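Below you'll find the structure, written out as structure tokens, and then a few comments.
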Amino acid sequence: MAAAKMILDVDTGIDDALALLFALKSDEIGLEGITTVFGNVSAEQATRNTLAVLELSGAAEDIPVAMGAAGPLFGEWGGTVESIHDRNGIGGYELPEPKKQAIAEFAPDFIVRKLNEQPGEITLVFVGRLTNLAIALAKDPTIASKAKRLVLMGGALYAPGNVTPVAEANIWGDPEAAHRVFESGIPITMVGLDVTMEAVLRDEDVRRFKELAAGPGQEPLVRFVDAILKYYFEAYEQYNGCVGRIPMHDPLAVAVAEDPSLVDTEPHYIAIETKGRLSAGATLSDRRKASAFTEINASVCVRVDRDRFVDRLLKVLAAQPLSAQMRGTD
Ligand code: RIB
Ligand code: CA
């Protein structure tokens with residue numbers, strides 16, 4: 204089966220880096236490009252981290268990286284989320300300075316161009332603020348019918364929020380952009396906290412990853428993944444009270460884009476609270492009439508097969524680069 208074409212939009216912090224590695228290493232995903240946005244870190248730092256992870260993965264050098272928005276549509280970006288991702292977004296780990304640079308095209312223009320070149324072919328996977336997509340839609344509203352689907356990490360329907368009692372970080376970080384995207388008509392799969400907080404890694408999963416990944420040439424990748432996971436375990440324990448379990452928010456979104464059978468979904472009409480004093484960034488569905496919706500704008504993930512997801516994640520992250528696999532068949 205041909206690999207599914209995707210554009211991945213990231214604000215490369217720790218779970219974004221894992222999502223990126225998953226998308227780069229999965230043989231069922233063909234990345235048409237990677238776009239970056241402010242969020243966990245600045246757009247510049249997200250771009251630098253993305254290029255460095257791309258080089259670490261040993262994936263094809265010709266995957267373009269386009270830098271996008273530096274702040275939300277309205278208001279100001281709150282700055283790097285150091286508590287969870289550290290100052291450089293990747294747990295303080297120093298990857299070598301990337302040799303490649305981002306392309307000159309602005310990320311929203313890149314998205315508009317790719318969707319017009321290949322209408323109906325490309326799945327968009329967004330694991331940060333939806334700002335780049337909102338700008339792309341403003342530039343060319345016809346792209347709403349040209350994306351195959353949008354799979355986004357963001358929101359919370361039944362689960363509580365993670366930056367406020369009711370809001371998840373990616374939606375809260377640019378609610379106006381989220382509102383425009385949810386109202387655009389793009390078919391949406393919402394991979395929110397209802398499922399990502401259940402899609403957890405534990406210590407034994409890290410040990411299994413290291414066993415699976417053991418092999419020639421894999422040391423730099425194993426060292427990086429091990430170090431950022433260690434940082435993430437400590438940060439989630441300290442700031443979120445999660446002991447011995449870390450949610451794989453962004454990797455789950457990529458995995459669901461690859462294999463929708465990992466989750467159960469419910470149809471909803473999701474409205475975004477853009478202004479509430481206490482509730483900005485909430486993803487609301489009028490559940491009083493859930494069985495009688497006349498219109499829906501999102502398939503909301505409500506259950507995840509955690510074990511099957513983790514198994515797939517570990518195997519893809521640990522996969523030997525193609526060159527090493529070929530050597531093994533000599
Ligand atoms: O709420 C989780 C999201 O916010 C993820 O995309 C993660 O990278 C964080 O910034
Ligand atoms: Ca993210």
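At position 74 of the sequence shown (counting the first as 1) the number is 277 in this note's numbering, and the numbers step up by one without a gap.
A virtual CB, placed ideally from N, CA and C, is assigned to each residue, including glycine.
No experiment lies behind these values; they were computed from the predicted model shown.
Item	Value
CA nearest to the CA of serine 488, picked from Ala402, Gly357, Val503	Val503
The segment 274–288 touching the segment 413–426, judged by at least three CB pairs closer than 8 Å	no
beta-carbon valine 330 near ligand 2 non-hydrogen atom, thresh 7 Å	yes
DSSP state of aspartate 214 mapped onto helix, strand, coil	coil
Beta-carbon proximity of proline 363 to valine 369, cut-off 8 Å	yes
Reduced DSSP category for aspartate 408 - H, G, I as helix; E, B as strand; rest coil	helix
Which listed residue (Ala249, Phe329, Ala305) has its alpha carbon closest to that of aspartate 265	Ala305
Own chain, CB closer than 7 Å to aspartate 500, minus 5 neighbours either side, in chain order	For the sequence presented, residue 500 should be read as asparagine rather than aspartate. Within the same chain, asparagine 500 has close Cβ partners Phe385, Ile391, Tyr472, Ile473.
Outcome for glutamate 247 when other beta-carbon atoms lying within 10 angstroms are tallied against a minimum of 16	exposed
Residue closest to leucine 520, alpha-carbon to alpha-carbon, out of Leu224, Lys492, Asp219	Leu224
Continuous alpha helix (DSSP H) assignments of at least 4 residues falling wholly in the segment 479–525	509–521
Opening and closing residue of the beta strand (DSSP E) in which glutamate 469 lies	466–471
Top-ranked residue by Cα proximity to valine 394, from Arg383, Val425, Glu461, Phe427	Glu461
Inter-residue spacing [alpha-carbon to alpha-carbon] between isoleucine 217 and isoleucine 314	24 Å
Straight-line gap, alanine 458 to leucine 465 (C-alpha atoms, nearest Å)	8 Å
Closer than 7 Å: methionine 356 CB and nearest ligand 1 heavy atom	yes
Opening and closing residue of the alpha helix (DSSP H) in which arginine 290 lies	Per DSSP, arginine 290 belongs to no alpha helix (DSSP H) and is neither H nor E.
Environment of valine 268 [buried if 16+ CB atoms lie within 10 Å]	buried
Beta-carbon spacing of valine 213, isoleucine 237 below 8 Å	yes
Pairwise C-alpha distance: alanine 226 and phenylalanine 512	14 Å
Beta-carbon proximity check, leucine 360 vs aspartate 397, cutoff 8 Å	yes
Length of the line joining the Cα atoms of alanine 485 and arginine 506	20 Å
Endpoints, alpha helix (DSSP H) assigned at leucine 163	Past the boundaries of the shown model lies residue 163; the chain is included only from 204 to 533, so the question cannot be answered.
Between the CA atoms of threonine 497 and glycine 292 - distance to the nearest angstrom	42 Å
Start-to-end residues for the beta strand (DSSP E) that takes in isoleucine 232	232–239
Contact under 8 Å by Cβ, alanine 475 with alanine 337	Position check: residue 475 holds isoleucine in this sequence, whereas alanine was assumed. Going by C-beta atoms, isoleucine 475 is not nearer than 8 Å to alanine 337.
For phenylalanine 313, the three-state DSSP class (helix, strand or coil)	helix
Chain D within 8 Å of alanine 417, Cβ atoms only	This model lacks chain D altogether; it includes just one protein chain.
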